[in-house]
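Asker:
Numbering (the numbering used here), first residue to last: 544 to 989.
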């Protein structure tokens, strides 16, 4: 049946669980229980500690742990792993590239249909290309896990295990291509061009300034002093030949490009990626995995401890999302009191088009792609993996899109405004998408 009441109820339950966690953070921020330093500390805890341990433990743990002491070397079926489905799991490594490509196509369609001004092209493309694959997807998977346990055969892998494979490439892609998309779409006017370095120089300068002191940009007086000093130095220096100027420019561009690449790699090679890679390495070595994952193993206590810390990822990260939403609403209320329109940054047609593109069109593309893989190419996909392949198309825009826009000198306010309105309609639109995820993947929700 195309419509299922049970699937709709299960979808509302999964989205409702996520909204309860978000509401907790919303309440904490409204009561001023957590200040800005506390939010930064919670964010670092999730990214640097909890999320890597969750991904590592989900990859290493033995889903068919039935109080047996059989080594996975002698009987691999006792402790299945994601490597047993490597041919199918390889799809998850390339899937971030496909989702990003489709998101960019959707963004281009929104720009064309809504006649979006050029200065808003970057925020639209950024918001449609990258989703919240971490905390939001894990929260939904945690709620849907009980249905996958009933529908899948014994010993099936946790869907979060497959999501950890997807997250190996997703952060690197987000921080490389996403950072490039976050740059302003319009060229600066002539008066601004003379005050700014070439694009590679501006990238590294902006990133370095933000990392050193993000709350203290250069004042106009300091910029004028720097310009005067540069002019004086240029007047004192003897004129260079064209060959010397060319060589100097090439050395400067090469040095600055290396700096920019190193910064992007440092952002891409985050602890969650390292946790996923280490988990797959340990999974590929049955002797090491056996002393950690099997019941009564020597280091079972160690893996259990890592898993308990990792399970704090979902409530803490979702509460943190609620705190940021509350802060955005407060900032919006302050702008309203200053007689500014809530659509001052974005025109309403672009706003509606971006939200519909991300929360409606993208899931439709994802569901159609999955059906093509299953029925046209006849690829046998495990049910837990099918849930992940469908679910990664449904989340709203990644929350770190605001950070990337800030670092790249893009329209931070525009991206933050899109995120705010997206999460206001998420309970309705996401519930519909989750209903289709349940129906297409065949989960047992009875």
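C-beta atoms are modelled at their ideal positions from N, C-alpha and C, and glycine is treated no differently. Since we're looking at a predicted model, the values are computed, not measured.
Indicate whether the contact test is met: 3 or more Cβ pairs, each with one atom in the segment 892 to 903 and one in the segment 962 to 969, closer than 8 Å.
Answerer: Yes, they touch.
Asker: Beta carbon of residue 551, beta carbon of residue 686: below 8 Å?
Answerer: By one-based count along the chain shown, residue 551 stands at place 8. By one-based count along the chain shown, residue 686 stands at place 143. In this structure, residue 686 does not lie closer than 8 Å to residue 551 by Cβ.
Asker: By the DSSP assignment, the alpha helix (DSSP H) with residue 556 in it spans what residues?
Answerer: Here residue 556 corresponds to residue number 13 of the chain shown, with the count starting at 1. Segment 548 to 573, the alpha helix (DSSP H) holding residue 556.
Asker: At what residues does the alpha helix (DSSP H) containing residue 586 begin and finish?
Answerer: Here residue 586 corresponds to residue number 43 of the chain shown, with the count starting at 1. First-last of the alpha helix (DSSP H) with residue 586: 579 to 588.
Asker: Under 8 Å, do residue 639 and residue 713 count as touching if we go by C-beta distance?
Answerer: Taking the chain shown and counting its residues from 1, one reaches residue 639 at position 96. Taking the chain shown and counting its residues from 1, one reaches residue 713 at position 170. Yes. Within cutoff.
Asker: From residue 670 to residue 829, what distance separates their C-alpha atoms?
Answerer: Translated into positions along the chain shown, residue 670 becomes position 127. Translated into positions along the chain shown, residue 829 becomes position 286. Rounded to the nearest angstrom, the two C-alpha atoms are 41 Å apart.
Asker: Which runs of the alpha helix (DSSP H), 4 residues or longer, sit entirely within the segment 900 to 963?
Answerer: Runs of the alpha helix (DSSP H) inside the segment 900 to 963: 905 to 914, 926 to 934, 944 to 951.
Asker: Might you give, ordered along the chain, the residues of its own chain that have their beta carbon closer than 7 Å to the beta carbon of residue 974, omitting 5 neighbours on each side?
Answerer: To locate residue 974, count along the chain shown from 1; it is residue 431. Excluding positions up to five away in sequence, the list reads 554, 555, 558.
Asker: Can you tell me the Cα-Cα spacing of residue 751 and residue 814, whole angstroms?
Answerer: The sequence position of residue 751 within the chain shown is 208, counting from 1. The sequence position of residue 814 within the chain shown is 271, counting from 1. Model confidence at residue 751 stands at a pLDDT of 39, short of 50, so the residue's coordinates are unreliable and nothing is read from them.
Asker: To the nearest angstrom, how far is the alpha carbon of residue 941 from that of residue 595?
Answerer: Here residue 941 corresponds to residue number 398 of the chain shown, with the count starting at 1. Here residue 595 corresponds to residue number 52 of the chain shown, with the count starting at 1. Straight-line Cα distance between these residues: approximately 18 Å.
Asker: If you follow the alpha helix (DSSP H) that residue 592 is in, where does it begin and where does it stop?
Answerer: Residue numbering aside, residue 592 sits at position 49 when the chain shown is read from its first letter. Segment: none, residue 592 is in no alpha helix (DSSP H) and carries neither H nor E.
Asker: Under three-state DSSP, which class holds residue 674?
Answerer: Start at 1 with the first residue of the chain shown, and residue 674 comes out as number 131. In the structure shown, residue 674 sits in a strand (DSSP, three-state: E or B).
Asker: Which residue wins for smallest C-alpha separation from residue 821, given the options 586, 599, 588, 563?
Answerer: Residue 821 sits at position 278 when you count from the first residue of the chain shown. The candidate whose alpha carbon is nearest that of residue 821 is 599.
Asker: Let me confirm a value: residue 578 is counted as buried when at least 16 other C-beta atoms fall within 10 Å, else exposed. Which label applies?
Answerer: Residue 578 sits at position 35 when you count from the first residue of the chain shown. Looking at its Cβ environment, which holds fewer than 16 other Cβ atoms inside 10 Å, residue 578 is exposed.
Asker: Please report the residue range of the alpha helix (DSSP H) in which residue 712 lies.
Answerer: Walking along the chain shown from the start, residue 712 turns up at place 169. Per DSSP, residue 712 belongs to the alpha helix (DSSP H) from 702 to 724.
Asker: Report all residues from its chain with a CB closer than 7 Å to the CB of residue 618; omit the five preceding and five following residues, and keep chain order.
Answerer: The residue given as residue 618 occupies position 75 in the chain shown. Unreliable placement is indicated for residue 618, whose pLDDT of 45 sits below 50; no coordinate value is reported for it.
Asker: With distances taken Cα to Cα, identify the nearest neighbour of residue 717 among 661, 647, 659.
Answerer: Working through the chain shown from its first residue, we reach residue 717 at position 174. Of the listed residues, the one whose Cα sits closest to residue 717 is 647.
Asker: Please report how far the alpha carbon of residue 660 lies from the alpha carbon of residue 682, in whole angstroms.
Answerer: Taking the chain shown and counting its residues from 1, the one referred to as residue 660 is at position 117. Taking the chain shown and counting its residues from 1, the one referred to as residue 682 is at position 139. Approximately 36 Å, taken between the alpha carbons.
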